[in-house]
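Student:
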Amino acid sequence: MGRKVIVDSDTASDDTIAILLASRLFDLLGVTIVAGNVKYQDQVRNALFTLEYIGKKDVPVYLGQDRPILNKWRTVEEVHGKHGMGEWDIPEPTKRPEKENAIDAIIRLARENQGELEILAISPLTNLALAYLREHSITKWIRKVWIMGGAFTRGNTTPIAEFNFWVDPEAAKVVLDAGFDVTIVPWETTEEYGTLDLAKWERIRSMNTALSRFFERVNKTLLEFSLKQGNRGSVHPDSLTTYLAFDGSAILEQRKFKVDVELCSLSRGAMLVDWYSKGGENANVVLKADSEKFYEKLTSILSSS
Ligand code: RIB
Ligand code: CA
Numbered sequence: 001m002g003r004k005v006i007v008d009s010d011t012a013s014d015d016t017i018a019i020l021l022a023s024r025l026f027d028l029l030g031v032t033i034v035a036g037n038v039k040y041q042d043q044v045r046n047a048l049f050t051l052e053y054i055g056k057k058d059v060p061v062y063l064g065q066d067r068p069i070l071n072k073w074r075t076v077e078e079v080h081g082k083h084g085m086g087e088w089d090i091p092e093p094t095k096r097p098e099k100e101n102a103i104d105a106i107i108r109l110a111r112e113n114q115g116e117l118e119i120l121a122i123s124p125l126t127n128l129a130l131a132y133l134r135e136h137s138i139t140k141w142i143r144k145v146w147i148m149g150g151a152f153t154r155g156n157t158t159p160i161a162e163f164n165f166w167v168d169p170e171a172a173k174v175v176l177d178a179g180f181d182v183t184i185v186p187w188e189t190t191e192e193y194g195t196l197d198l199a200k201w202e203r204i205r206s207m208n209t210a211l212s213r214f215f216e217r218v219n220k221t222l223l224e225f226s227l228k229q230g231n232r233g234s235v236h237p238d239s240l241t242t243y244l245a246f247d248g249s250a251i252l253e254q255r256k257f258k259v260d261v262e263l264c265s266l267s268r269g270a271m272l273v274d275w276y277s278k279g280g281e282n283a284n285v286v287l288k289a290d291s292e293k294f295y296e297k298l299t300s301i302l303s304s305s
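Under our numbering, the residues of the sequence shown are numbered 1 to 305, in order.
1. Is any non-hydrogen atom of ligand 1 found closer than 7 Å to the C-beta of TRP187, if you look at the structure I gave you?
2. Which of the three DSSP states is assigned to THR94 in this structure?
3. Take every Cβ of the region 17-34, pair it with every Cβ of the region 47-62, and state whether three or more of those distances are shorter than 8 Å.
4. Which class does TRP187 belong to by DSSP, given the choice of helix, strand or coil?
5. Kindly indicate which three-state DSSP category ARG143 falls into: helix, strand or coil?
6. If you measure from the CB of ILE122, is any heavy atom of ligand 1 nearer than 7 Å?
7. Cα-Cα, which of LEU133, ARG67, LEU51, GLU87 is closest to ARG96?
8. Taking a contact to mean a Cβ-Cβ separation below 8 Å, would you say ASP8 touches ILE142 in this structure?
9. Measuring only the C-alpha atoms, how far is LEU244 from ALA171?
10. As a quick exercise: from ARG3, ILE17, ALA270, LYS288, pick the residue whose alpha carbon is nearest that of THR190.
11. Name the residue from PRO169, ALA178, ASP58 whose alpha carbon lies nearest to the alpha carbon of LYS72.
12. So LEU263 is in the beta strand (DSSP E); what residue range does that whole segment cover?
13. Going by the C-beta, is MET148 closer than 7 Å to any heavy atom of ligand 1?
14. Taking contact to mean 3 or more Cβ pairs, one atom from each stretch, closer than 8 Å, check whether the region 172-190 and the region 84-101 are in contact.
15. In this structure, does DSSP put ILE6 in helix, strand or coil?
16. Give me, in chain order, the residues of the same chain whose beta-carbon lies closer than 7 Å to that of PHE165; leave out the 5 immediate sequence neighbours on both sides.
17. Should PHE163 and VAL76 be called a contact, given that it needs their Cβ atoms to be closer than 8 Å?
18. Please name the residue in ASN101, LEU109, LYS293 whose C-alpha comes closest to that of LYS4.
19. Considering Cα atoms alone, identify which of LEU198, VAL79, ILE106 is closest to ASP15.
20. Using a Cβ-Cβ cut-off of 7 Å (strictly less than) and excluding sequence neighbours within five positions of THR207, which residues of its own chain qualify?
21. Can you give, in chain order, each stretch of the beta strand (DSSP E) that sits fully within the region 207-272 and has at least 3 residues?
22. Could you pull the start and end residues of the alpha helix (DSSP H) that ALA178 belongs to?
23. Are GLN254 and THR183 closer than 8 Å when you measure CB to CB?
24. To the nearest whole angstrom, what separates the beta carbons of GLY84 and ASN219, a pair I think is in contact under 8 Å?
25. Could you have a look at GLU116 and say whether DSSP puts it in helix, strand or coil?
26. Does any residue of chain C have a CB that is nearer than 8 Å to the CB of LYS4?
27. Who are the Cβ neighbours of ARG203 in its own chain at under 8 Å, not counting the five residues just before and after it?
28. Give me, in chain order, the residues of the same chain whose beta-carbon lies closer than 7 Å to that of ASN127; leave out the 5 immediate sequence neighbours on both sides.
29. As a quick exercise: from ILE6, LEU25, GLY36, LYS57, pick the residue whose alpha carbon is nearest that of ALA12.
30. Just curious, the beta strand (DSSP E) that THR35 is in, first and last residue?
31. Since GLY233 and THR195 should fall inside the 8 Å C-beta cutoff, what is the C-beta to C-beta distance between them, to a whole number of angstroms?
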């Protein structure tokens, strides 16, 4: 069996591709849902439908926090589509979520898989923060937390804040201060190395498999939005983070920094990297990645039926 992971997700567009990759590259123990991209119930349906569609109906979905710890936030249907799956009005999934709450599931699975479980945190960090506040030992039980989040200087939600950190900065701060073994893949790194341009889209379109068609449909709005933003294609932060968690050789440069999160004023949600930190480093930060390796793995999975 592969490495054991939980995907913590605000399931919309690229999150669904990250779930697909995680299901093929890891032993996916569960998907936990947290408030973020689109309406919470849409995110739940998107996760249930995705697992059914990719042939992983047996992977449990656990319901987590449907709002951040402190402040209200706004969903971003303009990025992911009205319900988060592009313009696809997906059929009602037959799969249902588990009765066990996501926070309890994270703690239980961490306890049952001590030293093995890894968290692919591709969403606001509310669930993981609350799990830690409930059971501090999970910092020892959980082997690694891979975080897609934060921006060095180019926020995608405010001028300085990336969406996952902006939605719940208190949660991000709790997680970063908790003592987990953390690797962060920030927004600019994903823009640079996780963008699929139109030529790559054409290659995916020409595959014409069930999974390539799924990719196109769920990421349609994401592509349109990314192009409007001036990107050369669709940006796939969650999928890239999931791939880098799987293949460390694709991380071309990373450095350990002391990383903090701003909680107030106009820079709320900003990731603060102490570039000169001497001591107190709490996170590896990925600076460069091998985009070709990412794309090759993604397309090899999309081309499989
Ligand atoms: O800033 C990008 C991140 O915010 C991605 O994880 C996207 O799914 C949203 O959660
Ligand atoms: Ca996400």
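Note that beta-carbon positions come from the ideal geometry of N, C-alpha and C, so glycine has one too.
Tutor: Taking the geometry as given:
1. Indeed, a heavy atom of ligand 1 lies less than 7 Å from the Cβ.
2. coil
3. Of all C-beta pairs linking the region 17-34 to the region 47-62, three or more are shorter than 8 Å, placing the two stretches in contact.
4. helix
5. coil
6. yes
7. Among LEU133, ARG67, LEU51, GLU87, the Cα nearest to that of ARG96 belongs to LEU51.
8. Their beta carbons are not under 8 Å apart, which means ASP8 does not touch ILE142 by this criterion.
9. 23 Å
10. LYS288
11. PRO169
12. In the DSSP assignment, LEU263 falls outside any beta strand (DSSP E) and carries neither an H nor an E.
13. At least one heavy atom of ligand 1 is nearer than 7 Å to the Cβ of MET148, so yes.
14. Taking a contact to require three or more Cβ pairs closer than 8 Å, the region 172-190 and the region 84-101 do not qualify as touching.
15. strand
16. Excluding positions up to five away in sequence, the list reads GLY149, GLY150, ALA172, VAL261, GLY269, MET271.
17. Contact flag set, yes.
18. LEU109
19. VAL79
20. Just to set this straight, residue 207 is Met in the shown sequence, not Thr. Within the same chain, MET207 has close Cβ partners LEU302, SER303.
21. 233-235, 251-261
22. 169-178
23. yes
24. In fact, because the Cβ distance is near 11 Å, the residues do not count as touching under 8 Å.
25. coil
26. Absent here is chain C; the protein component of the structure consists of one chain.
27. THR299
28. ASP8, THR32, VAL34, GLY64, GLN65, ALA102, ILE103, ILE106
29. GLY36
30. A small correction: the amino acid at residue 35 is Ala; Thr does not occupy that position in the sequence shown. That residue, ALA35, is in no beta strand (DSSP E); it is neither H nor E in DSSP.
31. 5 Å
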